[in-house]
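A.B. asks:
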Amino acid sequence: MKTILTVLILFLCNFNAKTQVSLEWDVTHNGSANLNDEGKSIVYDGQGNVVVTGNVISTGINYDIATVKYNSAGVRQWTAVFNGPGNDADYAVDIATDNAANIYVAGKSRSNGDYDMLLIKYNSAGVQQWAVTWNSPSGLTDEGYSVTVDNNQNAYITGYAEISGFNTNYVTVKYNSSGVLQWARQYDGPIANSPDLAYFIESDPSGNVYVTGTSTAPGTGSDFLTIKYNPQGDSVWVRRFAGPGNSSNEIPQGMDVDQSGNVYVTGFYSGPQSIDYMTIKYNTSGTQQWAMAYDSTHGQDIPEDITVDPSGNVFVTGRSRINSSYNDFCTIKYNSSGVRQWLRVYNNPTESLDDIGLDVEADAQGNVYVTGITNEDGSNYSIITIKYDAGGVQKWLAEYDGNDDDECYQMALDQSNNIYVVGFTDNANTDFLTLKYSQTVGINQFTTEIPDRFRLHQNYPNPFNPVTKIRFDVPSSSQLSNVRLTVFDAAGRKVEELVNQILSAGSYEADFNAGNRTSGIYFYELAAGDFSETKKMVVLK
Numbered sequence: 027m028k029t030i031l032t033v034l035i036l037f038l039c040n041f042n043a044k045t046q047v048s049l050e051w052d053v054t055h056n057g058s059a060n061l062n063d064e065g066k067s068i069v070y071d072g073q074g075n076v077v078v079t080g081n082v083i084s085t086g087i088n089y090d091i092a093t094v095k096y097n098s099a100g101v102r103q104w105t106a107v108f109n110g111p112g113n114d115a116d117y118a119v120d121i122a123t124d125n126a127a128n129i130y131v132a133g134k135s136r137s138n139g140d141y142d143m144l145l146i147k148y149n150s151a152g153v154q155q156w157a158v159t160w161n162s163p164s165g166l167t168d169e170g171y172s173v174t175v176d177n178n179q180n181a182y183i184t185g186y187a188e189i190s191g192f193n194t195n196y197v198t199v200k201y202n203s204s205g206v207l208q209w210a211r212q213y214d215g216p217i218a219n220s221p222d223l224a225y226f227i228e229s230d231p232s233g234n235v236y237v238t239g240t241s242t243a244p245g246t247g248s249d250f251l252t253i254k255y256n257p258q259g260d261s262v263w264v265r266r267f268a269g270p271g272n273s274s275n276e277i278p279q280g281m282d283v284d285q286s287g288n289v290y291v292t293g294f295y296s297g298p299q300s301i302d303y304m305t306i307k308y309n310t311s312g313t314q315q316w317a318m319a320y321d322s323t324h325g326q327d328i329p330e331d332i333t334v335d336p337s338g339n340v341f342v343t344g345r346s347r348i349n350s351s352y353n354d355f356c357t358i359k360y361n362s363s364g365v366r367q368w369l370r371v372y373n374n375p376t377e378s379l380d381d382i383g384l385d386v387e388a389d390a391q392g393n394v395y396v397t398g399i400t401n402e403d404g405s406n407y408s409i410i411t412i413k414y415d416a417g418g419v420q421k422w423l424a425e426y427d428g429n430d431d432d433e434c435y436q437m438a439l440d441q442s443n444n445i446y447v448v449g450f451t452d453n454a455n456t457d458f459l460t461l462k463y464s465q466t467v468g469i470n471q472f473t474t475e476i477p478d479r480f481r482l483h484q485n486y487p488n489p490f491n492p493v494t495k496i497r498f499d500v501p502s503s504s505q506l507s508n509v510r511l512t513v514f515d516a517a518g519r520k521v522e523e524l525v526n527q528i529l530s531a532g533s534y535e536a537d538f539n540a541g542n543r544t545s546g547i548y549f550y551e552l553a554a555g556d557f558s559e560t561k562k563m564v565v566l567k
């Protein structure tokens with residue numbers, strides 16, 4: 027039986043208020059061979075579902091790629107297993123979706139002893155549309171590491187091509203929506219027969235793509251190397267970052283691109299005596315805006331992921347040896363100018379071993395979510411997920427601790443700020459593990475008077491931008507009814523679920539933040555048992 031440890035952070039807001047997180051569901055997927063399987067990557071499809079991909083053993087000893095779609099209730103919608111043309115080992119590393127909820131899986135597929143870059147497209151029903159491999163002219167190993175999709179459903183994969191021995195090049199390949207190759211570009215650094223490895227790719231609304239990785243140069247060792255390509259595959263700019271004092275090694279760990287085409291790269295650089303965070307911002311023209319290092323002064327500090335919110339704030343998470351020889355979560359917020367706003371450290375109070383932040387996501391309200399692993403006994407891990415508000419105040423922490431080892435890789439947020447985490451759990455052999463957390467935020471019980479009936483009040487202010495308050499009453503006759511307060515757009519599509527929980531009698535107030543919504547008419551509905559009432563509100567920007 028699973029044990030779920032949840033910490034609720036209670037706070038006051040004139041009257042009684044609370045923030046709450048709940049584990050909605052945890053689901054597993056076991057390959058047909060009942061051997062070791064791992065979920066590696068997750069994406070929210072924009073239509074209420076999440077899709078995870080990873081590696082399973084179906085028969086024999088070779089891995090295949092399994093991709094699984096779950097609806098919002100955690101019910102499996104479909105499973106697709108890919109066994110490549112070589113009937114050999116196939117591995118997934120990344121997943122993406124487009125504006126029609128098609129799914130793209132990137133990785134590698136082995137045939138005749140060497141790997142080729144692999145990209146698979148599924149439609150929203152899980153039917154494979156195409157699968158393409160890319161093999162460099164050298165005929166040696168080629169691996170895909172990251173995938174992105176533009177607004178026209180063109181898909182891009184990046185990774186590396188082995189030219190000979192230790193000589194590798196960046197490779198970035200574009201396919202149209204039908205899987206037809208549009209172009210393939212390689213980057214070979216200034217030192218012959220040296221490694222150049224691309225790890226991450228992102229696209230902007232104009233169809234430009236950005237690639238970052240590591241490249242070797244004379245006198246500086248391995249550097250961050252970031253390239254911008256236009257939709258035709260022309261290199262717009264190439265930027266190399268060698269670190270303070272031309273430090274010997276810089277390895278990128280994550281990249282994000284905002285709606286304006288600003289590029290954010292984080293990774294680590296090795297100084298004379300330590301390894302430290304390094305985070306860089308370039309504008310869309312490739313001009314470096316800032317570069318910020320973080321050094322805990324106690325040894326290795328390694329970031330694992332980066333994200334940027336709609337206001338241009340940058341969040342980096344990873345691991346840092348703050349006070350000991352063991353790692354702690356270390357999450358940093360920078361504003362758009364690169365000025366550090368806060369730094370938060372998580373050290374599991376029940377043990378003194380490693381805690382490692384692995385993924386970070388931000389919502390439209392400026393809250394940030396971090397997930398990672400904590401070491402319990404020197405061998406087994408559990409999964410930690412933390413929410414901080416825009417000011418860096420921890421709002422809640424949830425720990426997922428199964429019978430044995432539980433580890434995560436990535437997380438995703440949906441439109442209602444539900445949190446999904448993917449990884450694996452050990453049940454004699456490892457299985458895919460997908461978690462969903464829901465949260466109730468900003469509900470204030472502001473009076474002890476007992477209403478005599480359900481009632482939904484008009485929101486205030488109205489019109490509003492971006493936040494409004496919605497007041498509602500729950501009578502004593504409700505007998506602890508499950509109360510739902512839901513926002514819909516003018517077409518009747520659910521926008522956000524503000525409340526979905528059992529409430530005792532009283533009068534309540536909930537906040538709705540339309541910061542990431544367009545101007546227009548919205549409706550909000552209060553429902554409990556046989557009662558339902560709907561009112562109209564207006565977002566005016």
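For the sequence shown, my numbering assigns the number 567 to the last residue and increments by one with no breaks.
Each residue gets a CB set at the ideal place from its N, CA and C atoms; glycine is no exception.
#1: With DSSP as the reference, label S337 as helix, strand or coil.
#2: Consult DSSP for S502 and reduce its assignment to one of helix, strand or coil.
#3: If you run the structure through DSSP and keep just helix, strand and coil, what is M27?
#4: How many angstroms separate the CA atom of G555 from the CA atom of G518?
#5: For V340, is the classification buried or exposed, using 16 other Cβ atoms within 10 angstroms of its Cβ as the cut-off for buried?
#6: My output table needs one value for Q270: the three-state DSSP class, helix, strand or coil.
#7: Quick one: what's got a C-beta closer than 6 Å to A319's C-beta in the same chain, skipping five residues either side?
#8: Output the residue ranges of the beta strand (DSSP E) runs that lie fully inside the region 392-452 and measure 3 residues or longer, sorted by chain position.
#9: For A516, collect the residues of the same chain with a Cβ closer than 8 Å to its Cβ; drop the 5 residues on either side in sequence, then sort them by chain order.
#10: Using C-beta distances below 6 Å, list every residue in its chain close to V78, excluding the 5 sequence neighbours before and after it, in chain order.
#11: When the Cα atoms are used, what is the spatial distance from E522 to F514?
#12: Where does D331 sit, in a helix, a strand or coil, going by DSSP?
#13: Hey, could you find the ends of the beta strand (DSSP E) A132 is sitting in?
#14: Going by CA-CA distance only, name the one from N138, N178, G428 that's closest to N161.
#15: Expressed to the nearest angstrom, what Euclidean distance is found between the alpha-carbon atoms of A115 and Y308?
#16: Ordered along the chain, which non-local residues of its own chain (more than five positions away) have a Cβ less than 7 Å from that of N254?
#17: What's the C-alpha gap between K567 and T238?
#18: Locate the beta strand (DSSP E) running through A181, then write down its first and last residues.
#19: Let me know the secondary structure DSSP gives F286 once reduced to three states.
#20: How about V82 and G100: are their beta carbons less than 8 Å apart?
#21: Looking at the structure shown, is F480 part of a helix, part of a strand, or coil, going by DSSP?
#22: Going straight from the alpha carbon of K421 to that of N178, what length do you get?
#23: Since A531 is in the beta strand (DSSP E), which residue starts that stretch and which ends it?
#24: Can you tell me which residues form a DSSP beta bridge with Y463?
#25: What are the boundary residues of the beta strand (DSSP E) that K561 is part of?
#26: Could you tell me the alpha carbon to alpha carbon distance between I277 and F108, rounded to whole angstroms?
#27: Report yes if the C-beta distance between S220 and F192 is below 8 Å; otherwise report no.
#28: Could you check the C-alpha separation between S502 and N393 for me, to the nearest Å?
#29: Determine the contact status of Y463 and S48, defining contact as a CB-CB distance below 8 Å.
C.D. replies: Walking through what the data contain:
#1: S337 falls in the coil class under three-state DSSP.
#2: For S502, the secondary structure class from DSSP, reduced to helix, strand or coil, is helix.
#3: Its pLDDT being 29, under 50, M27 is placed unreliably in this model, and the value from its coordinates should be taken loosely. Coil at M27, not helix or strand.
#4: Spanning the two alpha carbons is a distance of roughly 21 Å.
#5: Buried: at least 16 other Cβ atoms inside 10 Å.
#6: Per the sequence presented here, residue 270 reads as Pro, with Gln not at that position. Judged by DSSP in its simplified three-state form, P270 adopts helix.
#7: For A319, where only same-chain residues beyond five positions count, the Cβ hits under 6 Å are D302, M304.
#8: Listed in chain order, the beta strand (DSSP E) elements of length 3 or more contained wholly in the region 392-452 are 394-401, 407-414, 420-427, 432-439.
#9: Take A516, set aside five residues on each side of it, and the residues of its chain with a beta-carbon closer than 8 Å to its own are G546, I547, Y548, F549, in chain order.
#10: For V78, where only same-chain residues beyond five positions count, the Cβ hits under 6 Å are G65, I68, V94, V448, T460.
#11: Rounded to the nearest angstrom, the two C-alpha atoms are 7 Å apart.
#12: Annotated three-state conformation of D331 is strand, per DSSP.
#13: Per DSSP, A132 belongs to the beta strand (DSSP E) from 129-137.
#14: The shortest Cα separation from N161 among N138, N178, G428 belongs to N138.
#15: In a straight line, the C-alpha of A115 is about 38 Å away from that of Y308.
#16: This sequence places Lys at residue 254; Asn is not what is there. Counting only Cβ-Cβ distances below 7 Å, and skipping sequence neighbours, we find N234, Y236, V262, W263, G312.
#17: Cα-Cα distance, rounded: 36 Å.
#18: First-last of the beta strand (DSSP E) with A181: 181-190.
#19: Residue identity differs from the one stated: residue 286 is Ser in this sequence, not Phe. S286 falls in the coil class under three-state DSSP.
#20: When the beta-carbon positions are compared, V82 and G100 stay at least 8 Å from each other.
#21: Residue state for F480 is assigned as coil, using DSSP reduced to three classes.
#22: Cα-Cα distance, rounded: 38 Å.
#23: Run containing A531: none; DSSP gives neither H nor E here.
#24: In the DSSP assignment, Y463 is bridged to L49, I445.
#25: Per DSSP, K561 belongs to the beta strand (DSSP E) from 557-565.
#26: Using only the alpha carbons, I get a separation of about 31 Å.
#27: Yes, the pair counts as a contact, with Cβ atoms nearer than the cut-off.
#28: Taking the straight line joining both Cα atoms gives about 35 Å.
#29: Y463 is a Cβ neighbour of S48, given a cutoff of 8 Å.
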